[in-house]
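A short write-up of the structure that comes next.
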Amino acid sequence: MNPRSNKQLIISLGRWVISPLVIALCSIAAHGANKLDVELESGAEYDSNLAVVELDQYSSAGDWALLANARVNAQWQATPKAIFKAGASYNSKTYQDMSAFDLGIQQLFADASYELPLFKLGLSYHQADAALDGTDFLTLRQHSVYLSRLFNQRTFVRGAVNYQDKDFPTSAERNAHNLGMAGDVFVFFNQGTTFVAFGLNHERENARSDPFDLTATSVKTSINHQFPAWGKKTKLQLGWRYEQRDYSTITPALEAKRDDTRQVVNLEWQINTHDWLALVSKVERGDYQSNLRAADYTETRASLTLKASF
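Using the numbering used here, the letters of the sequence shown correspond one by one to residues 29 to 338.
Shown next, in the form of structure tokens:
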């Protein structure tokens, strides 16, 4: 990795370390949080076709990136039925040659839930601030109301209504409000060592500029399995995600309505070399089809990282 990339990484990690929310989380933990989790991850990734999906921007070129991720979550059991959670994370990709795609994402969340007789009721807030090559390009805020329930200690069901606000400082015409409904089902087998997940999401987005108004439906599914290998705890996950986007009005560059289909398949393998340290490898293949040329491409990503959990 060249000196510029190393400098960018140091600056990025520094911004995360001094994050006010991280300081607040540590304070919560010191004053009675029941649980505090910290996770650090670093490694390398190769992307065959660098792209920024949110901006319909791709390069037709591949590059290696240095990955650096950090996360801290805190949980407080206020009463036997009420739980409060909060967390912050920072994810960084610093490319060897294509600095225009250097990506840094700061995220924070807060969640409050209460166990009612028939289901759990929850409220949550998520915020993500993303920067490309050091310049802010997206702030996303999401407010959610959700209901969840575990049936027979085997099937977990969750439904949510989500409201999103998207702000693009360099592309104001993409600024949008989004209202969506989501449902997830998890079915557990083998005393919880294996589970299958299925999710469905439908959303309607109203952007500042009419050509970006859209309706989207997505489906995702995965199978997850834990097992011992060479005396070590091992996890495998195979996932698939499909999304159909229908745009409401004519896109000037096409003189027609835009239509997108996105399909992603991923495989993840994790082996714990120690109780606190894991080796994680991921492979992902994305097929992005669109009648808009800038959004029509395929990409393959592969990564290898070390993850420490405390």
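Quick reminder that beta carbons are idealized off the backbone N, C-alpha and C, glycines included. These figures come from a predicted structure and were not determined experimentally.
Contact under 9 Å by Cβ, Leu151 with Asp195 | Position 123 of the sequence shown, counting from 1, holds the residue named residue 151. Position 167 of the sequence shown, counting from 1, holds the residue named residue 195. No, the pair does not count as a contact, with Cβ atoms beyond the cut-off.
Since Ala72 and Trp92 are thought to touch, with beta carbons under 8 Å apart, how far apart are those beta carbons, to the nearest angstrom?
-> As a working mapping, residue 72 is identified with position 44 in the sequence shown. As a working mapping, residue 92 is identified with position 64 in the sequence shown. About 6 Å separates the two Cβ atoms, so the contact holds.
Opposing strand residues paired with Asn206 [DSSP bridges] | Here residue 206 corresponds to residue number 178 of the sequence shown, with the count starting at 1. Gln192, Glu233, per the DSSP bridge assignment.
Compare the C-alpha of Asp288 against each of Tyr74, Asp130, Tyr325, Asp75 and name the closest.
-> For the purposes of this step, residue 288 is taken as the residue at position 260 of the sequence shown. Per the Cα distances, Tyr325.
Do you know whose CA, among Gln265, Lys248, Trp268, Pro239, lies nearest Ile345's CA?
-> With the chain running from 29 to 338 in the structure shown, residue 345 is simply not present.
Specify the secondary structure class of Gln155 as computed by DSSP and reduced to three states.
-> The residue given as residue 155 occupies position 127 in the sequence shown. Note: Gln155 maps to strand in three-state DSSP.
Identify the continuous beta strand (DSSP E) that holds Pro256 and give its terminal residues.
-> Locating residue 256 in the sequence shown gives position 228, where the first residue counts as 1. Here the beta strand (DSSP E) through Pro256 covers 242-257.
Measuring CB to CB, does Asn294 end up less than 9 Å from Glu312?
-> By one-based count along the sequence shown, residue 294 stands at place 266. By one-based count along the sequence shown, residue 312 stands at place 284. Pairing Asn294 with Glu312 gives a Cβ-Cβ distance under 9 Å.
Could you tell me whether the segment 175-193 touches the segment 203-213, using the rule of 3 or more Cβ pairs below 8 Å?
-> Three or more pairs of CB atoms, one per stretch, sit closer than 8 Å, so the segment 175-193 contacts the segment 203-213.
Measure the C-alpha to C-alpha separation of Phe255 and Gln272 and round it to an integer number of angstroms.
-> Locating residue 255 in the sequence shown gives position 227, where the first residue counts as 1. Locating residue 272 in the sequence shown gives position 244, where the first residue counts as 1. Our two residues, Phe255 and Gln272, have alpha carbons roughly 35 Å apart in a direct line.
In chain order, what residues of the same chain lie with their CB nearer than 8 Å to the CB of Leu334, ignoring the 5 residues before and after it?
-> Translated into the one-based positions of the sequence shown, residue 334 becomes position 306. Excluding residues within five positions, the ones whose Cβ falls inside 8 Å are Glu69, Ser70, Gly71, Leu305, Ala306, Leu307, Val308.
Quick one, which of Ala116, Tyr142, Val80 has its alpha-carbon nearest Met126's?
-> Your numbering for residue 126 matches position 98 in the sequence shown. For Met126, the nearest C-alpha among the options comes from Val80.
Cα-Cα, which of Leu175, Gln219, Gly267 is closest to Gln181?
-> Locating residue 181 in the sequence shown gives position 153, counting from the first residue. Check the Cα spacing between Gln181 and each of Leu175, Gln219, Gly267: the tightest is with Gln219.
Exposure label - Gln134; buried when at least 16 CB within 10 Å = Within the sequence shown, the letter at position 106 stands for residue 134. Residue burial is scored here from C-beta neighbours: Gln134 has at least 16 other C-beta atoms within 10 angstroms and is therefore classed as buried.
Per DSSP, what kind of secondary structure is Glu283 in: helix, strand or coil?
-> The residue labelled residue 283 in the question sits at position 255 within the sequence shown. Here Glu283 sits in coil by DSSP.
Can you tell me which of the three DSSP states Ala140 falls into?
-> Indexing the sequence shown from 1 puts residue 140 at position 112. In the displayed model, Ala140 falls within a strand according to three-state DSSP.
Could you check what DSSP says for Ala106 in three-state terms: helix, strand or coil?
-> In the sequence shown, the residue the question calls residue 106 occupies position 78. DSSP places Ala106 in coil when its eight states are reduced to three.
Could you check if Tyr316 is buried or exposed, using at least 16 other CB atoms within 10 Å of its CB as the buried criterion?
-> Along the sequence shown, one-based indexing puts residue 316 at 288. So Tyr316 counts as buried.
Can you give the Cα-Cα distance for Asn234 and Leu242, rounded to whole angstroms?
-> Counting from one through the sequence shown, the residue named residue 234 turns up at place 206. Counting from one through the sequence shown, the residue named residue 242 turns up at place 214. Cα to Cα, Asn234 sits roughly 7 Å from Leu242.
Between Phe217 and Ala225, is the Cβ-Cβ spacing less than 9 Å?
-> As a working note, residue 217 is residue 189 in the sequence shown. As a working note, residue 225 is residue 197 in the sequence shown. No, the pair does not count as a contact, with Cβ atoms beyond the cut-off.
Smallest Cα separation from Val247: which of Ala281, Thr262, Tyr275, Gln291?
-> Against the sequence shown, residue 247 aligns to sequence position 219. Checked all of Ala281, Thr262, Tyr275, Gln291; the closest Cα to Val247 is Gln291.
Three-state secondary structure (DSSP) at Asp125?
-> Numbered from 1 along the sequence shown, position 97 holds the residue referred to as residue 125. If DSSP states are grouped into helix, strand and coil, Asp125 belongs with coil.
Starting from the C-beta of Gln105, find all residues in its chain whose C-beta is less than 7 Å away, skip the five residues before and the five after it, and write them out in chain order.
-> To locate residue 105, count along the sequence shown from 1; it is residue 77. Answer for Gln105: Asn62, Ile111, listed in chain order.
Any idea which residues DSSP pairs Arg177 with across the strands?
-> Start at 1 with the first residue of the sequence shown, and residue 177 comes out as number 149. Beta-bridge pairing links Arg177 to Val185.
Would you mind working out which of Ser318, Thr163, Leu136 sits nearest Gln155, comparing C-alpha positions?
-> The residue you call residue 155 lines up with position 127 of the sequence shown. It is Leu136.
When we look at the beta-carbon of Ala336 and count the other beta-carbons within 10 Å, is it buried (16 or more) or exposed?
-> Reading the sequence shown from its first residue, position 308 is the one you call residue 336. In summary, Ala336 is exposed, with fewer than 16 beta-carbon neighbours lying within 10 Å of its beta-carbon over all protein chains present.
With DSSP run on the structure shown, which of helix, strand or coil describes Ala336?
-> Stepping through the sequence shown from its first residue, residue 336 is reached at position 308. The answer is strand: DSSP assigns Ala336 an E or B state.
Classify Leu78 as buried or exposed, calling it buried when 16 or more other Cβ atoms lie within 10 Å of its own Cβ.
-> Numbered from its first residue, the sequence shown carries residue 78 at position 50. When all chains shown are included, Leu78 counts as buried.
Closest to Gln103 by CA distance: which of Asp65, Arg329, Ala159, Leu94 is it?
-> For the purposes of this step, residue 103 is identified with residue 75 of the sequence shown, where counting begins at 1. Ranking the options by Cα distance to Gln103, first place goes to Asp65.
Of the choices Ser141, Thr198, Phe165, whose alpha-carbon is the least far from that of Gly172?
-> For the purposes of this step, residue 172 is taken as residue 144 along the sequence shown, with counting starting at 1. For the record, residue 172 in the displayed sequence is Ser; it is not Gly. Of the candidates Ser141, Thr198, Phe165, Ser141 places its Cα closest to the Cα of Ser172.
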